[in-house]
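Number of protein chains: 2
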Amino acid sequence: MNKVQATEKPRQRAPSKRALATRARVFDAAEKVFADRGFDGATIRMIATEAGEPVGTIHHHGGGKDVLFQQTVARRAATLSQARLEALARLEAPATMAAVLEAFIRPFFDLALQDPRWRNYARLVAFVSVDGRWRDLSAECFDPTAEVFLAEIKRLAPHATPQQTAEGFVFTVAAMLALLTSQGRISDLAGSSQAQAAQIDHLVAFCAAGFVA
Amino acid sequence: MNKVQATEKPRQRAPSKRALATRARVFDAAEKVFADRGFDGATIRMIATEAGEPVGTIHHHGGGKDVLFQQTVARRAATLSQARLEALARLEAPATMAAVLEAFIRPFFDLALQDPRWRNYARLVAFVSVDGRWRDLSAECFDPTAEVFLAEIKRLAPHATPQQTAEGFVFTVAAMLALLTSQGRISDLAGSSQAQAAQIDHLVAFCAAGFVA
DNA sequence: GTCTATATGTAGATAGAC
DNA sequence: GTCTATCTACATATAGAC
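Protein chains in written order, with this note's numbering: chain F, 40 to 252; chain E, 40 to 252.
Here it is, written out as structure tokens:
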């Protein structure tokens, strides 16, 4: 058993499993701390503590605080986009407005329901959406997919002006993020709790009705 | 013996006009900087520069960074609540869902359209709504009025469950803040600009239709 | 790749002159 | 009430040992 890679030094060595696991822990920790406290409220030290790694390791994998932040946001964006576009492609030919909106909304909830890291990611995205300094980042990560859905929505509501469809889409995204990040706020207001499954249906119905109007 | 009473503030003297103006400049500046950068991203020095005041003055009027932040959020909340409740009271007897939602939504836009400081305030509120650390502050400032409107909405949609009305209200608030803080984001997506007046009508219609569904 | 120690900057806060 | 000067603490980042 010769260890080939031990002596070879190509342009970039494949990272070891150990290194990849560390890297994932660093980004998961960054995701959680950034989601809790925002970019400026988070510190490299908090992230290091959360990850169970020394401070230097965060810089090594993250490459500075704002690169770390941007990569943390970008990391899951491709997965999310793909899930959304696949859901859209799965719709049979005469799609309804509700079905298109659900193809956009549900994948995020499915991921969030089964993985708490995706819930952290949702809160992180909410922070990004509110802070004007990350507009370019947000556009890079999410606009391409948004354009695809926007085109589909326009096709289903040809009578609406471009402004109206754009507005409706912004309202839909805002409502989706609010529900994703509410974490019981709605139950507080309502006085009791209910399965999230129904809430997603309500969100889709709410937005679909809004678009029709 | 009389030492304690002597050193205690007898009662607060009425502040001079000059002092009140300075105080207002401090809070306006804090509002803008907090709206731009969030709580942690803002610094006392940025606020001082924005206000054209020395650093010590910010502490004097604000009393520490987080007290300053909370007072900045609370400062306009009463005005907003009052405007909303008055708009609600002005509705004639058989109110529609759209009219009730408009009574909630339009006052904020009216203030924001005529005063850029209210636009800053809207962005500040968006930051607060996304950061879990300010949940108590947010509840204190906005929940009482929200309860009034929620009761009215329930009256107009007796068939809906408490969960559904609470959800719809959260969606409405999220969409409202998104539109208030969009600052041309919607025009970007739509490819052209349009008067905000129509956008508010669209928002009301969107949400009213959602509630009916 | 991983971890420690440290350099450098700037934050929030305050004491005291005016 | 207003402003200056300064204290203390902790941030990011990096150099270099392992």
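Virtual Cβ for every residue (Gly too), placed ideally from N, Cα, C.
Option nearest residue i by Cα separation, candidates the options
{"i": "GLY171 of chain F", "options": "E:GLN222, E:ASP79 and E:ASP105", "result": "E:GLN222"}
{"i": "ALA244 of chain E", "options": "E:PHE208, E:PRO201, E:MET136 and E:SER177", "result": "E:MET136"}
{"i": "VAL94 of chain F", "options": "F:ARG115, F:THR111, F:ASP79 and F:ALA68", "result": "F:ALA68"}
{"i": "ARG76 of chain F", "options": "F:LEU216, F:ALA248 and F:LEU163", "result": "F:LEU163"}
{"i": "LEU130 of chain E", "options": "E:PHE188, E:ALA60 and E:CYS246", "result": "E:PHE188"}
{"i": "VAL169 of chain E", "options": "F:THR88, F:ALA214 and F:LYS104", "result": "F:ALA214"}
{"i": "PRO183 of chain F", "options": "F:ALA165, F:TRP157, F:LEU119 and F:VAL167", "result": "F:LEU119"}
{"i": "LYS71 of chain E", "options": "E:ALA165, E:TRP173, E:HIS241 and E:GLY103", "result": "E:ALA165"}
{"i": "ALA178 of chain F", "options": "E:PHE78, E:ILE86 and E:LEU228", "result": "E:LEU228"}
{"i": "ALA113 of chain F", "options": "F:VAL139, F:ILE144 and F:TRP157", "result": "F:TRP157"}
{"i": "LYS104 of chain F", "options": "F:HIS241, F:ILE86 and F:ALA132", "result": "F:ILE86"}
{"i": "PRO197 of chain E", "options": "E:ALA252, E:THR61 and E:PHE73", "result": "E:ALA252"}
{"i": "ILE225 of chain E", "options": "F:ALA217, F:GLU186 and F:ALA237", "result": "F:GLU186"}
{"i": "GLN153 of chain F", "options": "F:ALA236, F:PHE66, F:LEU242 and F:THR61", "result": "F:ALA236"}
{"i": "VAL209 of chain F", "options": "E:ALA217, E:THR88 and E:THR111", "result": "E:ALA217"}
{"i": "THR211 of chain E", "options": "E:ALA161, E:GLU92, E:ALA60 and E:ILE144", "result": "E:ILE144"}
{"i": "VAL106 of chain E", "options": "E:PHE66, E:PRO155 and E:GLN202", "result": "E:PHE66"}
{"i": "VAL167 of chain F", "options": "F:GLU92, F:THR61, F:THR111 and F:ALA60", "result": "F:THR111"}
Alpha-carbon spacing of residue i relative to residue j, whole angstroms
{"i": "ASP175 of chain E", "j": "LEU150 of chain E", "result": "25 Å"}
{"i": "LEU219 of chain E", "j": "ALA58 of chain F", "result": "45 Å"}
{"i": "ARG64 of chain F", "j": "ALA90 of chain F", "result": "6 Å"}
{"i": "HIS99 of chain E", "j": "ALA116 of chain E", "result": "22 Å"}
{"i": "GLY80 of chain E", "j": "ALA134 of chain E", "result": "43 Å"}
{"i": "ARG123 of chain F", "j": "ASN159 of chain E", "result": "34 Å"}
{"i": "ILE97 of chain E", "j": "LEU195 of chain E", "result": "47 Å"}
{"i": "THR200 of chain E", "j": "CYS246 of chain E", "result": "17 Å"}
{"i": "GLY249 of chain F", "j": "PHE78 of chain E", "result": "34 Å"}
{"i": "ALA74 of chain E", "j": "LYS56 of chain F", "result": "43 Å"}
{"i": "PRO49 of chain F", "j": "TRP173 of chain F", "result": "The pLDDT assigned to PRO49 of chain F is 48, lower than 50, so where the model puts this residue is not dependable; a value taken from the coordinates is nonetheless given after this. When rounded, the distance between both Cα atoms is 36 Å."}
{"i": "GLU206 of chain E", "j": "GLY102 of chain E", "result": "37 Å"}
{"i": "VAL139 of chain F", "j": "ALA190 of chain F", "result": "11 Å"}
{"i": "HIS241 of chain E", "j": "GLN121 of chain E", "result": "24 Å"}
{"i": "THR82 of chain E", "j": "THR82 of chain F", "result": "16 Å"}
For residue i, three-class secondary structure by DSSP
{"i": "GLY95 of chain E", "result": "helix"}
{"i": "HIS198 of chain F", "result": "coil"}
{"i": "SER55 of chain E", "result": "coil"}
{"i": "PRO146 of chain F", "result": "helix"}
{"i": "ARG5 of chain E", "result": "No answer is possible for residue 5 of chain E: the residues shown for chain E start at 40 and end at 252."}
{"i": "LYS48 of chain E", "result": "Summary for LYS48 of chain E: the model assigns pLDDT 43, below 50, so the residue's position carries little reliability, and this model does not support an answer."}
{"i": "GLU131 of chain E", "result": "coil"}
{"i": "ASP170 of chain F", "result": "coil"}
{"i": "GLN222 of chain F", "result": "coil"}
{"i": "ALA60 of chain F", "result": "helix"}
{"i": "ALA252 of chain F", "result": "coil"}
{"i": "ALA247 of chain F", "result": "helix"}
{"i": "GLY101 of chain F", "result": "helix"}
{"i": "ILE81 of chain F", "result": "Ile is not the amino acid found at residue 81 of chain F; the sequence shown has Ala there. Coil at ALA81 of chain F, not helix or strand."}
{"i": "MET40 of chain F", "result": "Residue confidence is low: MET40 of chain F scores 43 on pLDDT, short of 50, so the model does not pin down where it sits. Its coordinate-derived value is still stated next. If DSSP states are grouped into helix, strand and coil, MET40 of chain F belongs with coil."}
{"i": "ASP75 of chain F", "result": "helix"}
{"i": "ASP240 of chain E", "result": "helix"}
Cβ shell of residue i (< 6 Å), same chain only, five flanking positions each side left out
{"i": "THR204 of chain E", "result": "ILE192 and LYS193"}
{"i": "PHE148 of chain F", "result": "ILE239"}
{"i": "ALA126 of chain F", "result": "ALA142 and PRO146"}
{"i": "ALA161 of chain E", "result": "ALA151, LEU219 and THR220"}
Cutoff 7 Å; reference residue i; Cβ partners in own chain excluding five residues on either side
{"i": "GLN109 of chain E", "result": "LEU176"}
Own chain, CB closer than 8 Å to residue i, minus 5 neighbours either side, in chain order
{"i": "ASN41 of chain E", "result": "Confidence at ASN41 of chain E is low in this model, with a pLDDT of 43, below 50, so its placement is unreliable and the value that follows should be read with caution. Excluding positions up to five away in sequence, the list is empty."}
{"i": "ARG84 of chain F", "result": "VAL94"}
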